[in-house]
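**Q** Quick one: the structure is below, questions incoming.
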Amino acid sequence: MNKTINLNQIEAGIKKVNQWYQDNGYVLAQVVAAPEVTKEGVVNLEVAEGVIENIGVRFLNSDGEATDEEGKPISGRTRDFIITREIQLKPGDVFNQKTAQQDLARVFGLGIFEDVRLELEPGKDNPREAVVVVNVIEKTTGSLAFGGGVSSAAGLFGTLSYQEVNLGGNNQRLGAELEAGNRVFQMDLNFTDPWIAGDPYRTSYTLNAFRRRTISVVFENGPKEVYLANGDRPRVVRTGGGISFTRPYADNVFSDPNWVASVGFQYQRVEITDSDGNINRTDEFGNQLSYSGSGKDDLFTVQFGFLRDRRNNKQQPTSGYLVRFGSEQSIPVGSGSILMNRLRAAYTFYIPVKFLSGLIPEGDQSFAFNFQGGTVIGNLPPYEAFPLGGTTSVRGWEEGAIASTRSFIQASIEYRFPLFSKFLGGALFVDAATDLGSQGTVPGSPGGVRDKPGSGFGYGVGVRLQTPLGPVRIDYGINNNGDGRIHFGLGERF
1 MNKTINLNQI EAGIKKVNQW YQDNGYVLAQ VVAAPEVTKE GVVNLEVAEG
51 VIENIGVRFL NSDGEATDEE GKPISGRTRD FIITREIQLK PGDVFNQKTA
101 QQDLARVFGL GIFEDVRLEL EPGKDNPREA VVVVNVIEKT TGSLAFGGGV
151 SSAAGLFGTL SYQEVNLGGN NQRLGAELEA GNRVFQMDLN FTDPWIAGDP
201 YRTSYTLNAF RRRTISVVFE NGPKEVYLAN GDRPRVVRTG GGISFTRPYA
251 DNVFSDPNWV ASVGFQYQRV EITDSDGNIN RTDEFGNQLS YSGSGKDDLF
301 TVQFGFLRDR RNNKQQPTSG YLVRFGSEQS IPVGSGSILM NRLRAAYTFY
351 IPVKFLSGLI PEGDQSFAFN FQGGTVIGNL PPYEAFPLGG TTSVRGWEEG
401 AIASTRSFIQ ASIEYRFPLF SKFLGGALFV DAATDLGSQG TVPGSPGGVR
451 DKPGSGFGYG VGVRLQTPLG PVRIDYGINN NGDGRIHFGL GERF
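Everything in the sequence shown is counted per the UniProt record's numbering, starting at 1 for the first residue and increasing by one.
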């Protein structure tokens with residue numbers, strides 16, 4: 001103010017203005033035209049900020065071309081709004097490269113595109129504005145898969161599954177799976193809409209129907225074997241379906257949620273049978289196998305859940321924490337008139353560390369701590385007891401071999417570290433769990449009659465192999481009786 005105009009200083013100021021825009025992601029913004037000086041000595045700068053005129057979607061073929069051999073635009077299956085609702089930038093906003101990169105990551109994260117790119121074109125009405133075009137190459141979204149394997153819970157099994165992840169171009173999922181093995185036979189059909197159209201909060205819902213027949217570990221793997229009166233093992237057959245809704249609570253739909261809440265309803269007809277499908281009321285010693293005592297129960301539940309995720313990485317966390325809480329309230333209907341509430345909570349946190357420097361490869365190391373607890377208040381069908389022991393509980397024990405219980409607490413500690421490369425990691429772990437003396441309060445006492453101890457611990461070592469499907473987990477655990485066991489799984493346990 002009140003100084004002689006210095007053109008060199010004005011030029012330096014213009015560079016600073018342009019640099020500020022660049023540093024803050026406004027890569028299209030710049031001072032245009034020469035500065036104007038009024039008769040009062042005021043310097044006016046004209047800035048073209050790169051305002052967005054419109055946002056469009058363009059489909060490309062597998063070669064990245066926007067037209068076919070006849071020169072016609074490539075048509076896509078995905079509806080435009082599925083893409084544009086993931087974009088935080090809106091017409092009238094100043095284009096920001098940082099925001100655009102986050103938008104592209106969300107669009108690619110839908111899992112229905114091979115490639116996603118951004119293209120900027122001059123505005124049709126105003127050349128100083130920009131048209132943002134999202135170029136996408138769609139992938140094949142339907143799949144039919146065959147598989148099989150061996151697990152301590154399911155035994156030897158095979159699977160046949162079908163999945164479509166972009167049903168009707170709406171990014172909706174439809175899946176069907178058939179699994180058969182020597183311990184399990186199940187059919188599942190599910191449909192998921194990950195974001196209900198028109199909902200401002202990113203609410204999703206899932207519908208499912210199922211029929212599952214399993215040899216439940218609640219009635220297995222104790223020191224004492226207990227069978228049905230005919231010498232067979234009890235099968236738990238569940239037939240039913242349900243619906244659940246999930247909603248993230250965040251500052252906006254584009255930010256990480258502070259909490260995720262869910263509510264759902266499920267109905268099951270539960271039957272206890274032998275291998276031929278005959279209903280069994282009791283085991284060989286007369287202990288009841290269902291709550292009604294008839295071998296058939298109706299179980300209708302209302303489910304609530306809350307989750308808070310503050311991990312630094314969802315796949316391989318090394319810091320932060322994860323909190324889960326769930327409640328299932330049954331409504332007394334049909335056979336058994338079951339009135340119960342199942343409560344369950346889990347807390348996991350991670351601490352980054354740097355041990356054994358020079359002895360192991362460079363990479364992320366951390367301690368992972370997991371604490372869980374649960375209880376059932378009210379009527380408890382035997383097959384709904386919590387099983388303790390095994391791959392997802394205390395390693396070194398068979399599945400469900402510690403307890404079949406009404407209440408429990410469980411704790412695990414893991415030290416995770418890199419091995420020969422970033423694709424191979426190791427883990428040292430300790431697990432422990434107890435039934436809090438509640439095993440005997442389960443009707444029919446499925447754990448007590450099988451002499452399950454009620455508490456136990458295990459420790460061991462494991463490896464983590466990074467694959468396109470996520471980490472493959474192989475653990476060798478030794479329990480407090482000195483027995484060892486190998487456990488397999490996909491993904492980190494917690």
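Note that the Cβ used here is the ideal one computed from N, Cα and C, for glycine as well.
What did DSSP end up calling Pro418 once you bin it into helix, strand or coil?
**A** Three-state DSSP puts Pro418 in a strand.
**Q** Please state whether DSSP places Pro382 in a helix, a strand or coil.
**A** Helix.
**Q** Let's test the definition: count the other Cβ atoms within 10 Å of the Cβ of Glu414 and tell me whether it reaches 16, buried, or not, exposed.
**A** The residue is buried, with at least 16 neighbouring Cβ atoms inside 10 Å.
**Q** Taking the beta carbon of Gly149 as the centre, do at least 16 other beta carbons fall within 10 Å, making it buried, or is it exposed?
**A** Looking at its Cβ environment, which holds fewer than 16 other Cβ atoms inside 10 Å, Gly149 is exposed.
**Q** What three-state label does DSSP hand Thr441 in the structure shown?
**A** Helix.
**Q** Go ahead and pull the three-state DSSP assignment for residue 495.
**A** No answer is possible for residue 495: the residues shown for the chain start at 1 and end at 494.
**Q** Would the segment 28-36 count as touching the segment 47-55 if we require 3 or more Cβ pairs under 8 Å?
**A** These segments touch.
**Q** Less than 7 Å between the CB of Pro127 and some heavy atom of the ligand ADP, yes or no?
**A** The ligand ADP is not part of the structure shown, which contains no ligands of any sort.
**Q** Can at least three beta-carbon pairs, one atom from the segment 77-92 and one from the segment 158-165, be found at a separation below 8 Å?
**A** Judged by Cβ distances under 8 Å, the segment 77-92 makes no contact with the segment 158-165, as fewer than three pairs qualify.
**Q** Have a look at Ser335 and Ser292 and give me their C-alpha separation to the nearest angstrom.
**A** Distance between the alpha carbons of Ser335 and Ser292 is about 6 Å.
**Q** Apply the 10 Å Cβ neighbour rule to Lys296 and answer buried if 16 or more other Cβ atoms are within range, or exposed otherwise.
**A** Flag for Lys296 reads buried.
**Q** So, are the CB atoms of Ser327 and Asn313 less than 8 Å apart?
**A** No, they are not a contact pair.
**Q** If I'm right that Leu490 touches Leu465 with Cβ under 8 Å, what's the distance once you round it to whole angstroms?
**A** Their Cβ separation, rounded to whole angstroms, is 10 Å, which puts Leu490 and Leu465 out of contact at 8 Å.
**Q** By the three-class DSSP mapping on this structure, what secondary structure does Trp20 have?
**A** If DSSP states are grouped into helix, strand and coil, Trp20 belongs with the helices.
**Q** Out of Leu343, Leu322, Ser407, Leu359, which one is the CA nearest neighbour of Ala368?
**A** Comparing Cα-Cα distances from Ala368 to each of Leu343, Leu322, Ser407, Leu359, the minimum goes to Leu322.
**Q** Please classify Glu220: is it buried, with 16 or more other beta-carbons within 10 angstroms of its beta-carbon, or exposed?
**A** Glu220 is buried by the Cβ-count criterion.
**Q** When the Cα of Leu339 is compared with those of Phe371, Leu356, Leu359, Asn379, which residue comes out closest?
**A** Closest by alpha carbon: Asn379.
**Q** According to the neighbour-count rule (16 or more other Cβ atoms, all chains shown, within 10 Å of its Cβ), is Pro381 buried or exposed?
**A** Buried, because 16 or more other Cβ atoms sit within 10 Å of the Cβ of Pro381.
**Q** Are the segment 451-460 and the segment 476-488 in contact at 8 Å, needing three or more beta carbon pairs?
**A** The segment 451-460, when compared against the segment 476-488, does touch it at the 8 Å Cβ threshold.
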